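A.B. asks:
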Amino acid sequence: MALTQIDHVSESEEMQECIDSCFECAQACEWCADECAGEGEGMAECLRLCRDVADLATMHARFMVRNSGYSSDLAAITADACEECADECEQHDAEHCQVCADVLRDCAETCRNMASA
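Terminal number for the sequence shown in the working numbering: 332, no gaps in between.
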């Protein structure tokens, strides 16, 4: 069965956009964290935040798919974490941090939209 056949997911393009954004965010954060791990202690905060966001973003996507009543609360938390992590990533010149920050900003925006829906 295709995901577009799941009624509550196909009903909302906004929800599907947020799900996609959360999974993209998790992927970018895992990549960034992995790269930061090889760059020394100065990247510890970036690494930690990226891993936190990767976990939150995937959890939020799963909550949306299952149409959880906690999804809007988790959307707000995920957006906050994305913004904090993007602020940290933007402080570093590494390409992976800059790419990750862009993806994080997009995810924060889609999550804020879901939190207010």
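Glycine included, every Cβ here is placed at the ideal spot set by N, Cα and C. In this text, all values refer to a predicted model and were calculated from it rather than measured experimentally.
Would you mind working out which of Leu264, Val268, Ala276 sits nearest Asp235, comparing C-alpha positions?
C.D. replies: Here the question's residue 235 lines up with position 20 in the sequence shown. Among Leu264, Val268, Ala276, the Cα nearest to that of Asp235 is on Ala276.
A.B. asks: Is the segment 276–292 touching the segment 309–323 in the sense that three or more CB pairs, one from each, lie closer than 8 Å?
C.D. replies: No, the segment 309–323 is not in contact with the segment 276–292.
A.B. asks: How would you write the range of the alpha helix (DSSP H) that Asp270 sits in, first residue to last?
C.D. replies: Stepping through the sequence shown from its first residue, residue 270 is reached at position 55. Start and end: 259–280.
A.B. asks: Apart from the five residues on each side of it in sequence, which residues of its chain come closer than 7 Å, Cβ to Cβ, to Glu299?
C.D. replies: Looking up residue 299 in the sequence shown gives position 84. Contacts found: Leu264.
A.B. asks: If you draw a straight line from the C-alpha of Met329 to the C-alpha of Ala296, how long is it?
C.D. replies: Counted from its first residue, the sequence shown places residue 329 at position 114. Counted from its first residue, the sequence shown places residue 296 at position 81. Looking at the two C-alpha atoms, the distance is approximately 15 Å.
A.B. asks: Using a Cβ-Cβ cutoff of less than 6 Å, which residues in the same chain neighbour Thr289 once the five nearest sequence positions on both sides are dropped?
C.D. replies: Within the sequence shown, the letter at position 74 stands for residue 289. Here the sequence assigns Leu to residue 289, which means Thr is not the residue at that position. Cβ neighbours of Leu289 beyond the five flanking positions: His275, Phe278.
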